[in-house]
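**Student:** Quick one: this structure, given as structure tokens, is what I'll be asking you about.
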């Protein structure tokens with residue numbers, strides 16, 4: 001129920017309707033001279049899928065490590081399910097699950113054994129243990145391979161095992177640190193499906209970090225953009241895209257335009273292939289006038305003949321509703337291309353190209369190493 | 374307290390945590406066959422080649438076959454090397470983030486430490502048993518009492534040295550660095566323990582050094598049980614071993630507490 005409302009309303013409604021599970025206040029981490037996390041404040045609601053989106057080195061993993069009580073903040077704090085990460089770290093750990101970026105399961109144990117060991121560590125009652133493990137293995141599609149040594153698992157399978165491991169104690173929230181890093185496109189799609197299944201069946205809060213815009217767009221209810229350790233925007237993917245749509249500035253360089261764009265290719269009548277001839281230009285002029293009369297068409301551009309076709313480029317609002325109207329009102333359209341803003345555009349706008357340099361350090365090499373796998 | 378209360382108490386939970394960590398270490402060791410076989414290689418080399426090699430030309434001040442004489446020392450050597458180098462696995466665990474997944478669980482650092490120490494100790498003991506069987510082939514005679522004494526002393530030595538190894542390992546970040554540092558620890562421990570020579574007639578400076586080596590007391594106690602030869606009393610050996618164990622265990626626990634998972 002809360003899921004539906006998230007999609008339709010703004011984040012304000014979400015705050016009203018759900019419990020706040022995680023409160024992050026001025027969380028900061030400084031490594032020598034590097035300000036890895038710069039006074040981050042956030043609230044995460046129960047049941048939501050929240051994405052921390054940013055480049056490598058922006059501070060995402062550092063935030064996750066602090067929330068998971070693996071790293072002490074330099075200043076600031078956070079509360080997870082009411083427990084303070086510094087003062088009550090043990091209770092926090094009972095309430096969270098985490099899947100790290102690099103694989104962290106035990107190579108020399110089977111999938112089942114990995115989960116068994118962790119069920120001991122998390123105090124899962126003995127009568128529930130086997131059932132819970134088998135349930136989770138089925139959830140992540142590893143039940144058939146449960147008695148195989150993890151060494152034989154693929155990268156995607158290991159991640160799924162770690163998701164199962166993260167859920168063994170039914171935590172309130174699970175952190176997924178770059179869940180599809182290093183996976184091929186098929187495995188990525190599978191992983192997204194598993195995560196969506198997770199959301200549906202376990203009704204758990206998920207915080208994921210990623211630098212794949214598409215991933216955040218597909219999976220997350222809300223996204224927080226992070227750059228150089230600072231949160232630069234938080235909202236639903238829809239709202240974020242709306243936020244960055246270029247304003248009614250027709251004279252702007254259209255290369256930098258962010259918004260819905262439609263490209264119309266017009267038919268040329270058989271005996272008249274010359275775009276400059278009277279007949280074609282008449283068709284065009286008529287159509288241009290009709291298009292300009294629409295309020296939602298902000299600009300109409302005529303492109304010189306592309307492959308001897310007549311092309312019009314339209315900068316519009318709300319392409320989803322207005323494209324049918326446009327197509328009904330003009331004729332001779334042979335084909336169309338269209339595009340809508342992506343989160344890449346959003347990210348670019350917010351960072352204005354000032355992306356953080358990837359920091360030095362052994363851990364970055366490790367990630368790169370993992371990608372090559 | 375009801376049974377349920379007892380079962381749910383922190384203490385029992387901690388025991389389960391220790392068990393879980395130990396179980397993992399044990400299973401991994403059993404599956405790495407090469408580890409088990411390979412770790413026997415050096416002790417056997419020493420026992421048979423050095424033992425026979427030096428033994429055929431040497432007479433000790435004590436009237437006993439040199440190969441049999443060094444046998445307790447070889448057991449100690451196996452324990453020293455296996456136990457201290459066990460700390461390398463912590464560095465490995467940290468490199469591959471397995472350690473992180475354990476540290477993010479709601480268990481105490483002490484639990485992890487004890488579990489791993491017991492794991493390393495078990496691994497060393499498996500080798501000790503294999504060496505004891507080999508001892509039969511070189512003429513060592515056991516009695517029920519001596520076997521129990523040998524096991525007891527070996528367990529303490531293994532525990533004390535694994536704690537040391539883990540403590541050192543938790544403070545280091547590279548395997549190469551660890552191996553270098555540990556070489557400075559392991560070789561003195563072995564060579565100063567009287568494993569290869571009797572403690573009589575030593576020059577003062579060497580005698581002094583053997584006295585500050587905890588392994589000396591283990592070797593002495595083992596030699597006592599297997600051959601009936603000893604410099605110190607069995608009780609004295611045990612006392613010093615216990616004291617050393619407390620020191621290294623504290624060192625290990627403190628190091629683990631300070632260890633940064635990330």
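Residue numbers (our numbering), protein chains in the order written: chain A, 1 to 373; chain B, 374 to 635. Note that beta-carbon positions come from the ideal geometry of N, C-alpha and C, so glycine has one too. Source: prediction; values computed, not measured.
#1: Answer yes or no: does any C-beta atom of chain A fall closer than 8 Å to that of residue 461 of chain B?
#2: Can you list the alpha helix (DSSP H) stretches of 4 or more residues lying completely in the stretch 534-577 of chain B, in chain order?
#3: Leaving out five residues before and five after residue 122 of chain A in sequence, what residues of the same chain have Cβ atoms less than 8 Å from its Cβ?
#4: Is DSSP giving residue 615 of chain B helix, strand or coil here?
#5: For the alpha helix (DSSP H) holding residue 131 of chain A, just list the boundary residues, first then last.
#6: In the structure shown, what three-state DSSP assignment does residue 514 of chain B receive?
#7: Inspect the beta-carbon positions of residue 61 of chain A and residue 29 of chain A and report whether they are closer than 8 Å.
#8: Within a Cβ cutoff of 6 Å, which residues of the same chain sit near residue 83 of chain A, ignoring the five residues on either side of it in sequence?
#9: Tell me which residues share the same chain as residue 35 of chain A and place their Cβ nearer than 7 Å to its Cβ, disregarding the 5 neighbours each side in the sequence.
#10: Start and end of the alpha helix (DSSP H) containing residue 222 of chain A?
#11: Would you kindly check if the distance between the Cβ of residue 140 of chain A and the Cβ of residue 160 of chain A is under 8 Å?
#12: So, for residue 626 of chain B: in the same chain, excluding its five sequence neighbours on each side, which residues have a beta-carbon less than 6 Å away from its beta-carbon?
#13: Since residue 108 of chain A meets chain B, which of its residues come closer than 8 Å, beta carbon to beta carbon?
#14: How long is the line joining the alpha carbons of residue 574 of chain B and residue 448 of chain B, rounded to whole angstroms?
#15: Out of B/498, B/535, B/479 and B/552, which has the shortest C-alpha to C-alpha gap to residue 489 of chain B?
#16: Closer than 8 Å, Cβ to Cβ, to anything on chain B: give me those residues from the stretch 86-100 of chain A, in chain order.
#17: Applying the 10 Å Cβ sphere with the 16-neighbour rule, what's the burial state of residue 325 of chain A?
#18: Indicate whether residue 452 of chain B and residue 519 of chain B have their beta-carbon atoms separated by less than 8 Å.
#19: Measure from the alpha carbon of residue 205 of chain A to the alpha carbon of each residue in A/81, A/231 and A/235, then state which is nearest.
#20: Measure the Cβ-Cβ separation of residue 477 of chain B and residue 102 of chain A and say whether it is below 8 Å.
#21: Under 8 Å between C-beta atoms, does residue 530 of chain B make it to chain A?
#22: So that I know if they touch, is there some Cβ in chain B lying closer than 8 Å to that of residue 65 of chain A?
#23: Counting along the chain, where does the beta strand (DSSP E) carrying residue 265 of chain A start and finish?
#24: Between residue 548 of chain B and residue 464 of chain B, which are expected to be in contact by the criterion C-beta below 8 Å, what is the C-beta distance as a whole number of angstroms?
#25: Give a yes or no on whether the minimum CB-CB distance between residue 117 of chain A and chain B is below 8 Å.
#26: For a contact defined as C-beta to C-beta under 8 Å, what are the partners of residue 104 of chain A on chain B?
**Tutor:** On the basis of the supplied data:
#1: Under the Cβ criterion of 8 Å, residue 461 of chain B is not counted among the residues facing chain A.
#2: 548-564
#3: 94, 168 and 169.
#4: In this structure, residue 615 of chain B counts as helix in the three-state DSSP scheme.
#5: 126-139
#6: coil
#7: no
#8: 91 and 92
#9: Take residue 35 of chain A, set aside five residues on each side of it, and the residues of its chain with a beta-carbon closer than 7 Å to its own are 229, in chain order.
#10: No alpha helix (DSSP H) contains residue 222 of chain A, which is instead part of the beta strand (DSSP E) from 222-227.
#11: yes
#12: These residues qualify, in order along the chain: 483 and 486.
#13: 400, 401, 404 and 405
#14: 24 Å
#15: B/535
#16: 90, 91, 93, 94, 96, 98 and 100
#17: exposed
#18: no
#19: A/81
#20: Taking the C-beta atoms as reference points, residue 102 of chain A is found no nearer than 8 Å to residue 477 of chain B.
#21: no
#22: The beta-carbon of residue 65 of chain A is placed less than 8 Å from the nearest beta-carbon of chain B.
#23: 260-266
#24: 5 Å
#25: yes
#26: 469, 470, 471, 473 and 474
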